[in-house]
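Residue numbers for the sequence shown follow this note's numbering, so the first one is 26 and each next one is one higher.
Data block below; observations after.
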Amino acid sequence: MFQIGHVDADRIAAKYGTPLYVYDEEVLRQKMESYRNHFRCSEFETGVIYASKAFCCKEMIRLAGEYGLFLDVVSAGELYTAYRAGFDCSRIFFHGNNKSLQELQMAAELGTGTVVADNLQEILLLREVLKKNNSEMHVLLRVNPGIEAHTHEYDVTAGNDSKFGISLAREKELTDAVFLLESDSRIHFDGLHCHIGSQIFEMQAYFEEIRTLFAFAAKLKDRYGISVNTLDLGGGFPAKYTENDHPLPIAAICAQLLQKCCEERKNCPDVRRILIEPGRSIAAEAGYTLYTAGFMRDTASRHYIFTDGGMSDNIRPALYQAEYEAVIAGKEDAEKTQEYTIAGKCCESGDILIQRALLPQAETGDLLIIKSTGAYGYSMASRYNKLPVPGVVFAADGRMKEVVRRETLKDLTSKEL
């Protein structure tokens with residue numbers, strides 16, 4: 026029988042129902058520990074920031090805190106979740122391209138450690154908030170280096186037309202932003218942030234990012250006497266979704282990033298802290314989604330398995346054409362003789378979870394498990410067609426615990442008047 030965290034998957038499904046998100050807690054711990062242990066360098070102070078957008082709930086944030094990770098949040102909701110989880114708010118980095126007045130006030134009131142400023146308007150608003158609250162804030166400025174990473178177009182975040190950050194080609198706008206930050210005694214301008222995309226397999230894009238950031242930091246020093254002490258390289262490190270994916274080990278990613286930073290430091294010796302923001306590469310492979318196979322249907326060219334979930338609990342195949350692999354619990358060793366299209370129950374033709382899944386002969390009632398759904402499954406879940414959001418279970422050492430309760434039908438109408 027297929028196991029997650031040394032717990033039989035059918036036991037988990039029997040207790041908590043399907044669809045269900047299940048995480049192997051030991052894999053989460055191994056990933057966090059690996060980043061913590063390998064992203065270290067005698068040349069720099071280093072820090073690993075968990076990008077909570079990949080998977081955010083109180084238990085996950087507690088786990089990140091246990092391993093000494095910092096936290097990346099992008100909304101009042103994620104910030105509040107961290108606060109309720111007991112996370113040290115001084116270790117939080119608040120991202121986002123359109124932070125509201127209320128969000129910046131909340132960040133100041135909770136003692137959030139660092140705001141990653143995205144544009145001039147945000148900087149002006151932040152200055153007002155800090156003046157009103159008589160508080161201080163560390164700030165990184167998000168820059169856009171124009172690097173086109175090889176990934177899905179929706180995952181590119183640093184191209185010339187990206188909505189994020191200020192382009193390095195717009196030097197006056199950038200220097201105006203830096204001068205605004207430097208001129209306010211309540212703001213501690215630490216340095217620059219950049220994120221070039223997600224699910225990036227080629228390290229060359231990161232090397233170009235590092236070279237560009239160090240060069241711009243050197244320009245700020247040489248031309249304007251402004252010192253940059255921190256560079257945040259963002260994330261985007263890949264996860265293995267199918268047998269065709271071959272991501273570098275975490276140790277290799279960390280070593281290559283730090284080696285490149287050491288090489289470039291000669292251009293800007295003031296830089297003494299390097300940060301990274303892994304999210305997907307921590308959460309994705311640790312997660313599974315459990316479904317119960319429902320009706321089956323044959324068409325002229327497809328054999329369908331319909332599940333009790335779908336795009337409402339995993340939008341990535343519809344949104345990004347993301348690919349996954351599946352197994353049928355209890356039939357792991359059976360011969361794979363049939364190619365199935367695994368579809369959800371949402372009222373959309375595009376509600377396809379896997380286009381071509383080679384599996385043993387399936388039957389209604391089978392427990393279907395889709396692998397590597399730990400990132401952006403629960404985080405991006407919706408209530409489309411009034412389908413309740415599945416619960417979340419952590420499994421480890423033969424034990425299982427519910428960390429997010431499954432929504433009920435009553436929950437779906439609880440806020441409706």
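Glycine included, each C-beta is placed from N, C-alpha and C at the ideal position.
Please read all numbers here as calculations on a predicted model, not as lab measurements.
1. Ignoring anything shorter than 3 residues or poking outside the region 354 to 436, list the beta strand (DSSP E) runs there in chain order.
2. Return the CA-CA distance between M405 and R341, expressed in angstroms with no decimal places.
3. DSSP three-state call for L94: helix, strand or coil?
4. Quick check: the region 49 to 61 against the region 289 to 298, are at least 3 beta-carbon pairs closer than 8 Å?
5. Grab the span of the beta strand (DSSP E) containing R167 for me, first residue to last.
6. Around the C-beta of R305, are 16 or more other C-beta atoms found within 10 angstroms, so that it is buried, or is it exposed?
7. Pick out the complete alpha helix (DSSP H) segments inside the region 86 to 130, 4 residues or longer, and give them in chain order.
8. Name, in chain order, the residues that DSSP records as bridge partners for T255.
9. Just confirm the distance between the C-beta atoms of E51 and G72, as a whole number of angstroms; I'd bet it's less than 8 Å.
10. Three-state secondary structure (DSSP) at R65?
11. Which residues does DSSP pair with S192 in a beta bridge?
12. Can you give me the start and stop residues for the beta strand (DSSP E) that L238 sits inside?
13. Give every residue of the same chain whose Cβ lies closer than 6 Å to the Cβ of A382, excluding the five residues on either side of it in the sequence, and list them in chain order.
14. Straight-line CA distance for Q281 to L135?
15. Helix, strand or coil for A264, going by three-state DSSP, please let me know.
16. Any idea what DSSP makes of R341, helix, strand or coil?
17. Give the DSSP-derived three-state secondary structure of D49 in the structure shown.
18. From E427, L412, A421, pick the residue whose C-alpha is nearest to that of T438; which is it?
19. Look up R322 in the DSSP assignment and give the residues it is bridged to.
20. Within 10 angstroms of its Cβ, does S337 collect 16 or more other Cβ (buried), or is it exposed?
21. Report buried or exposed for P44, applying the criterion of at least 16 other Cβ atoms within 10 angstroms of its Cβ.
22. When the Cα of Y329 is compared with those of L145, T389, Y401, which residue comes out closest?
23. Okay, do the region 296 to 305 and the region 248 to 265 touch, 3+ Cβ pairs below 8 Å being the bar?
24. Going by DSSP, what residue range makes up the alpha helix (DSSP H) through I37?
25. Excluding the 5 residues preceding and the 5 following H218 in the sequence, name in chain order all residues of the same chain whose CB lies nearer than 6 Å to its CB.
26. Mapping DSSP to helix, strand and coil, what is A309?
27. Tell me the rounded alpha-carbon separation between M162 and V296.
28. Looking at the unbroken beta strand (DSSP E) that takes in E70, where does it start and where does it end?
29. Would DSSP call Q346 helix, strand or coil?
30. So which of I307, F331, I395 has the shortest CA-CA distance to E348?
31. Whole angstroms is fine: what's the gap from I373's alpha carbon to Y409's?
32. So for T200, helix, strand or coil by DSSP?
33. Over the uninterrupted alpha helix (DSSP H) stretch that includes A277, give me the two end residues.
Based on what the coordinates show:
1. 363 to 368, 377 to 384, 392 to 396, 417 to 421, 424 to 429
2. For the purposes of this step, residue 405 is taken as the residue at position 380 of the sequence shown. For the purposes of this step, residue 341 is taken as the residue at position 316 of the sequence shown. Each residue's alpha carbon lies about 8 Å from the other.
3. Sequence index remark: in the sequence shown, residue 94 carries index 69 (1-based). In this structure, L94 counts as coil in the three-state DSSP scheme.
4. no
5. The count along the sequence shown starts at 1 and reaches residue 167 at position 142. First-last of the beta strand (DSSP E) with R167: 162 to 169.
6. Along the sequence shown, read from residue 1 onward, the residue named residue 305 stands at position 280. Classification for R305: buried.
7. 101 to 109
8. Against the sequence shown, residue 255 aligns to sequence position 230. In the DSSP output, where bridge partners are listed per residue, T255 has G216, R298.
9. Start at 1 with the first residue of the sequence shown, and residue 51 comes out as number 26. Start at 1 with the first residue of the sequence shown, and residue 72 comes out as number 47. Between G72 and E51 the Cβ distance is about 24 Å, and since that is not below 8 Å, they are no contact.
10. Along the sequence shown, read from residue 1 onward, the residue named residue 65 stands at position 40. R65: coil per DSSP, three-state reduction.
11. Numbered from 1 along the sequence shown, position 167 holds the residue referred to as residue 192. DSSP, once it has assigned bridges, lists N169 as partnering S192.
12. Mapped onto the sequence shown, residue 238 falls at position 213. Element bounds for L238: not the beta strand (DSSP E) but the alpha helix (DSSP H), 229 to 249.
13. By one-based count along the sequence shown, residue 382 stands at place 357. Result list for A382: A351, Y365, I367, in chain order.
14. Within the sequence shown, residue 281 is the residue found at index 256, counting from 1. Within the sequence shown, residue 135 is the residue found at index 110, counting from 1. Cα to Cα, Q281 sits roughly 36 Å from L135.
15. Taking the sequence shown and counting its residues from 1, the one referred to as residue 264 is at position 239. Residue state, collapsed to three classes: coil.
16. Numbered from 1 along the sequence shown, position 316 holds the residue referred to as residue 341. Three-state result, R341: helix.
17. On the sequence shown, residue 49 is found 24 positions in, with the first residue counted as 1. Three-state result, D49: strand.
18. For the purposes of this step, residue 438 is taken as residue 413 along the sequence shown, with counting starting at 1. The shortest Cα separation from T438 among E427, L412, A421 belongs to L412.
19. Along the sequence shown, read from residue 1 onward, the residue named residue 322 stands at position 297. In DSSP, R322 forms a bridge with Y329.
20. By one-based count along the sequence shown, residue 337 stands at place 312. When all chains shown are included, S337 counts as buried.
21. Locating residue 44 in the sequence shown gives position 19, counting from the first residue. Buried: at least 16 other Cβ atoms inside 10 Å.
22. Translated into positions along the sequence shown, residue 329 becomes position 304. Minimum Cα distance to Y329 is reached at T389.
23. yes
24. Start at 1 with the first residue of the sequence shown, and residue 37 comes out as number 12. From DSSP, the alpha helix (DSSP H) with I37 extends over 34 to 41.
25. As a first step, residue 218 is located in the sequence shown; it is residue number 193 there, counting from the start. Hits under 6 Å: V141, L165, R167, D257.
26. Against the sequence shown, residue 309 aligns to sequence position 284. Three-state result, A309: helix.
27. By 1-based counting over the sequence shown, the position of residue 162 is 137. By 1-based counting over the sequence shown, the position of residue 296 is 271. For M162 and V296, the distance between alpha carbons rounds to 19 Å.
28. To locate residue 70, count along the sequence shown from 1; it is residue 45. Taken as a continuous stretch (DSSP letters only), the beta strand (DSSP E) holding E70 covers 70 to 76.
29. Taking the sequence shown and counting its residues from 1, one reaches residue 346 at position 321. Correct three-state label for Q346: coil.
30. One-based indexing of the sequence shown puts residue 348 at position 323. Per the Cα distances, I395.
31. Here residue 373 corresponds to residue number 348 of the sequence shown, with the count starting at 1. Here residue 409 corresponds to residue number 384 of the sequence shown, with the count starting at 1. It is Glu, not Ile, that sits at residue 373 in the sequence shown. Distance between the alpha carbons of E373 and Y409 is about 10 Å.
32. To locate residue 200, count along the sequence shown from 1; it is residue 175. Of the three classes helix, strand and coil, the one that applies to T200 here is helix, per DSSP.
33. Here residue 277 corresponds to residue number 252 of the sequence shown, with the count starting at 1. Its alpha helix (DSSP H) spans residues 275 to 289.
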